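A.B. asks: Counting from 1, position 54 in the sequence shown corresponds to residue 53 in numbering that gives the first Met the number 0; the numbering is continuous, with no gaps. Backbone N, C-alpha and C define an ideal beta-carbon position, used for all residues, glycine too. Computed from a predicted structure; not experimentally measured. First, the structure itself, so that you have it in front of you.
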Amino acid sequence: MASNKPTKLDALAIAAHRDDIEITCGGLMIKLHDLGHTTGALDLTQGEMGTLGDEEDRAREAGAAAEIMGLSYRGNLAFPDAAIEYDRPSRIKIAQVLRDTRPELVILPYWQQRHPDHLTAHLLGFDACFLAGLKKLDELSGEPHRPRKIIYCSSFRDIKHSFYVDITEQKERKDRAVSCYKSQFAQGEASRNIFAPGHNIHEYMEHTQRYYGQRVGVTYAEVFSIKENILIDNPLTMPVKSI
0 MASNKPTKLD
10 ALAIAAHRDD
20 IEITCGGLMI
30 KLHDLGHTTG
40 ALDLTQGEMG
50 TLGDEEDRAR
60 EAGAAAEIMG
70 LSYRGNLAFP
80 DAAIEYDRPS
90 RIKIAQVLRD
100 TRPELVILPY
110 WQQRHPDHLT
120 AHLLGFDACF
130 LAGLKKLDEL
140 SGEPHRPRKI
150 IYCSSFRDIK
160 HSFYVDITEQ
170 KERKDRAVSC
180 YKSQFAQGEA
190 SRNIFAPGHN
200 IHEYMEHTQR
210 YYGQRVGVTY
220 AEVFSIKENI
230 LIDNPLTMPV
240 KSI
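Structural data, given as structure tokens:
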């Protein structure tokens, strides 16, 4: 069972709302767990402003999804839904979680967003990664820690993605994790049109993940972006043919 008490992690995903992580990088989170890594999620809000369901529904659903994904930790900072502030107290709270969990990898929302909370989560998460490594920052307890790598969920974005992750073996469990959010995605027509006209979330994930997979020769994939360059030791071992 995923604990709400911070524990040492290899990877931590940070997002604004319960279900964001499942939808945008749930396959990767499950794959990291399959590979033996310790994973966790930090939701910034409780989802109280959602049209469907309430924070108690979302808490139960998030717990069930965490079990399917194999998370060791799932925290929630209870920032105000639809009103996350880009301020120092918020950055400090996230930075404290980073010190407490000490992940090498942090997964953040992409830097272009429709929902203001998602953009603010991106900004806060990046700043917190920097602040968590400052030795003389008296507002934080514990030893300084700065994640080695930050990647950004760029699924559903019409951009040139930095890399693709094969989630074919994890796809069924990702679908089950998203399905845990019955308050959001099990209301018939009420839950349609969330991402694309006439599509529910499962249809949309099916189409996009299959498309991403076809781009790299697998059945299903998730996509991510980074802000730095990628170093390849041996081009002879690179997957995906050029012609």
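Who are Leu107's beta bridge partners in DSSP?
C.D. replies: Bridge partners of Leu107: Tyr151.
A.B. asks: Below 6 Å CB to CB, which residues in the same chain sit around Glu60 once its five sequence neighbours on both sides are set aside?
C.D. replies: Contacts found: Cys179 and Tyr180.
A.B. asks: Comparing C-alpha positions only, which one of Ala81, Leu8 and Glu227 sits nearest to His160?
C.D. replies: The shortest Cα separation from His160 among Ala81, Leu8 and Glu227 belongs to Glu227.
A.B. asks: Hey, Leu43 and Gln183: beta-carbon distance below 7 Å or not?
C.D. replies: Not in contact: Leu43 and Gln183 (Cβ atoms no closer than 7 Å).
A.B. asks: Can you give me the start and stop residues for the beta strand (DSSP E) that Thr44 sits inside?
C.D. replies: From DSSP, the beta strand (DSSP E) with Thr44 extends over Thr38 to Thr44.
A.B. asks: Can you find the residues in the same chain that come closer than 7 Å, C-beta to C-beta, to Ala176, ignoring five residues on each side of it along the sequence?
C.D. replies: Excluding residues within five positions, the ones whose Cβ falls inside 7 Å are Glu21, Gly25, Ala64, Ile67 and Met68.
A.B. asks: Determine the closest residue to Arg101 out of Val217, Arg214, Thr6 and Tyr210, with distance taken between C-alpha atoms.
C.D. replies: The option with the nearest alpha carbon to Arg101 is Thr6.
A.B. asks: I'd like to know whether the C-beta atoms of Ser153 and Ser71 end up nearer to each other than 7 Å.
C.D. replies: The answer is no: Cβ separation not under 7 Å.
A.B. asks: Give the straight-line distance between the Cα atoms of Asp53 and Glu47, rounded to the nearest whole angstrom.
C.D. replies: Each residue's Cα considered, the two are about 5 Å apart.
A.B. asks: Should the region 160-175 be called in touch with the region 128-145, which here means at least 3 C-beta pairs below 8 Å?
C.D. replies: No contact exists between the region 160-175 and the region 128-145.
A.B. asks: Using a Cβ distance threshold of 8 Å, determine whether the region 130-146 contacts the region 92-99, with at least three qualifying pairs required.
C.D. replies: Touching, yes.
A.B. asks: For Ala189, count neighbouring C-beta atoms within 10 Å of its own C-beta (all shown protein chains included) and say buried if the count is 16 or more, exposed if not.
C.D. replies: Confidence at Ala189 is low in this model, with a pLDDT of 47, below 50, so its placement is unreliable and the value that follows should be read with caution. Ala189 comes out exposed.
A.B. asks: Can you tell me whether DSSP reads Glu227 as helix, strand or coil?
C.D. replies: Glu227 falls in the coil class under three-state DSSP.
A.B. asks: Just tell me which of Leu133, Ala15, Glu202 and Thr38 has its CA closest to the CA of Tyr109.
C.D. replies: When each option's Cα is compared against that of Tyr109, the closest is Ala15.
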